[in-house]
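Following: one structure in structure tokens, then a few remarks.
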Amino acid sequence: MSKYYDGVEFPFCDEFSKYEKLAKIGQGTFGEVFKAKHRKTGKEVALKKVLMENEKEGFPITALREIKILQLLKHENVVNLIEICRTKATQFNRYKGSIYLVFDFCEHDLAGLLSNANVKFTLAEIKKVMQMLLNGLYYIHRNKILHRDMKAANVLITKDGVLKLADFGLARAFSLAKNSQGNRYTNRVVTLWYRPPELLLGERDYGPPIDLWGGGCIMAEMWTRSPIMQGNTEQHQLTLISQLCGSITPEVWPSVDKKYELYQKMELPKHQPIRVRQGVLINTELNASIIFNPNLSSYYNLCGQTFKNSFQC
70 MSKYYDGVEF PFCDEFSKYE KLAKIGQGTF GEVFKAKHRK TGKEVALKKV
120 LMENEKEGFP ITALREIKIL QLLKHENVVN LIEICRTKAT QFNRYKGSIY
170 LVFDFCEHDL AGLLSNANVK FTLAEIKKVM QMLLNGLYYI HRNKILHRDM
220 KAANVLITKD GVLKLADFGL ARAFSLAKNS QGNRYTNRVV TLWYRPPELL
270 LGERDYGPPI DLWGGGCIMA EMWTRSPIMQ GNTEQHQLTL ISQLCGSITP
320 EVWPSVDKKY ELYQKMELPK HQPIRVRQGV LINTELNASI IFNPNLSSYY
370 NLCGQTFKNS FQC
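Residue 157 in my numbering is what sits at position 88 of the sequence shown, and the numbering runs on without skipping anything.
Written out as structure tokens, the structure is:
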């Protein structure tokens with residue numbers, strides 16, 4: 070096992086029987102999620118069952134990575150991993166025990182709130198949500214972790230209004246490239262509607278900016294109440310980005326045609342203006358935020374310099 074996983078600590082998993090399942094509430098990247106409560110204290114928790122589809126290969130490396138990362142991260146805007154529990158291997162489960170990650174329970178996810186017409190967000194509330202989201206991202210990036218699946222469904226909110234970044238099933242540690250070849254991370258990450266243009270074009274040497282693009286998409290979604298770019302394919306998603314933020318060309322993104330082989334193979338819209346300035350998105354604050362500038366990478370695309378000035382509630 071690589072050094073990256075040497076610090077994983079779960080040799081003494083507690084018994085799952087201390088919790089009572091109440092309901093299935095979702096499906097994470099690599100496991101089912103249940104609402105449950107502690108039988109003695111009554112404390113509500115969320116249980117994420119680790120999927121063991123290839124048991125012959127051992128415990129899933131993706132789950133090991135998620136556990137390691139969550140054990141490292143302790144921040145008010147990051148979901149808290151309480152402990153790891155297991156069920157006993159018995160004849161009733163074919164002698165295959167299950168592993169559960171136990172989290173503090175959060176009553177809402179942002180996607181659900183945005184889809185509820187009865188839930189209204191004021192400008193001050195949008196600013197506060199984004200402030201907490203960016204605080205969480207700043208913390209995980211400072212600790213050299215990429216989330217790699219930023220979307221509204223992975224942003225949880227407690228009954229007290231505290232935001233928690235959740236579902237670290239695709240997360241990984243990152244580092245600065247040590248040679249001219251750069252890092253070689255997979256680009257098959259991030260849900261399509263929230264995926265930044267560099268990943269869509271095949272970039273494999275990336276860092277925190279890819280999470281900030283997702284943060285910008287979420288910020289826009291706070292006003293529009295649904296994902297702002299709902300592509301069917303990677304090329305379609307790039308087309309929607311071009312239509313909204315302006316054409317992706319070597320003039321605005323130097324060397325994009327030389328750096329990315331896929332760019333030459335795709336037929337992307339030419340001479341597209343920044344559509345939001347034409348009133349497609351009415352909100353003034355949102356218009357000011359969606360400015361495509363490849364020179365700044367994804368850190369400021371969609372998010373924009375507006376972040377620095379807007380979150381003074």
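Quick reminder that beta carbons are idealized off the backbone N, C-alpha and C, glycines included. Please read all numbers here as calculations on a predicted model, not as lab measurements.
Between which two residues does the beta strand (DSSP E) carrying residue i extend?
{"i": "Asp173", "result": "Ile168 to Asp173"}
{"i": "Ile151", "result": "Leu150 to Arg155"}
{"i": "Lys213", "result": "Taken as a continuous stretch (DSSP letters only), Lys213 belongs to no beta strand (DSSP E), as it is neither H nor E."}
{"i": "Lys117", "result": "Glu113 to Val119"}
Return the CA-CA distance between residue i and residue j, expressed in angstroms with no decimal places.
{"i": "Cys314", "j": "Ile343", "result": "5 angstroms"}
{"i": "Ala221", "j": "Glu84", "result": "33 angstroms"}
{"i": "Trp322", "j": "Thr110", "result": "56 angstroms"}
{"i": "Asn256", "j": "Lys213", "result": "18 angstroms"}
{"i": "Glu330", "j": "Ser311", "result": "18 angstroms"}
{"i": "Ile209", "j": "Leu142", "result": "7 angstroms"}
{"i": "Ile94", "j": "Pro319", "result": "46 angstroms"}
So residue i is in the alpha helix (DSSP H); what residue range does that whole segment cover?
{"i": "Glu330", "result": "Glu330 to Lys334"}
{"i": "Val104", "result": "Correcting the residue type first, residue 104 is Lys in the shown sequence and not Val. No alpha helix (DSSP H) holds Lys104; the beta strand (DSSP E) holding it covers Gly100 to His107."}
{"i": "Ile279", "result": "Pro278 to Thr293"}
{"i": "Leu141", "result": "Ile130 to Leu141"}
Are the Cβ atoms of residue i and residue j separated by less than 9 angstroms?
{"i": "Leu215", "j": "Ala240", "result": "yes"}
{"i": "Ala289", "j": "Ile297", "result": "yes"}
{"i": "Pro266", "j": "Ile317", "result": "yes"}
{"i": "Lys90", "j": "Ile168", "result": "no"}
{"i": "Cys82", "j": "Ile153", "result": "yes"}
Near residue i, which residues of its chain fall below 6 angstroms by C-beta distance, leaving aside the five closest residues on each side in sequence?
{"i": "His177", "result": "Ile226"}
{"i": "Leu395", "result": "With the chain represented from 70 up to 382, any question about residue 395 goes unanswered, as that position is not in the structure."}
{"i": "Ile287", "result": "Ala221"}
{"i": "Asp173", "result": "Asn149"}
{"i": "Glu113", "result": "Lys106 and Phe174"}
In its own chain, which residues sit with a C-beta less than 7 angstroms from the C-beta of residue i, not counting the 5 before and 5 after it?
{"i": "Gly300", "result": "Leu261, Trp262, Gln306 and Leu309"}
{"i": "Leu269", "result": "Glu303, Gln306 and Leu307"}
{"i": "Leu139", "result": "Leu150 and Phe237"}
{"i": "Gly166", "result": "Arg155, Thr156, Lys157 and Ala158"}
{"i": "Ser86", "result": "none"}
{"i": "Tyr48", "result": "Look at the range of the chain in this structure, 70 to 382, and you will see that residue 48 is not part of it."}
If I'm right that residue i touches residue j with Cβ under 8 angstroms, what's the distance once you round it to whole angstroms?
{"i": "Ala105", "j": "Tyr88", "result": "4 angstroms"}
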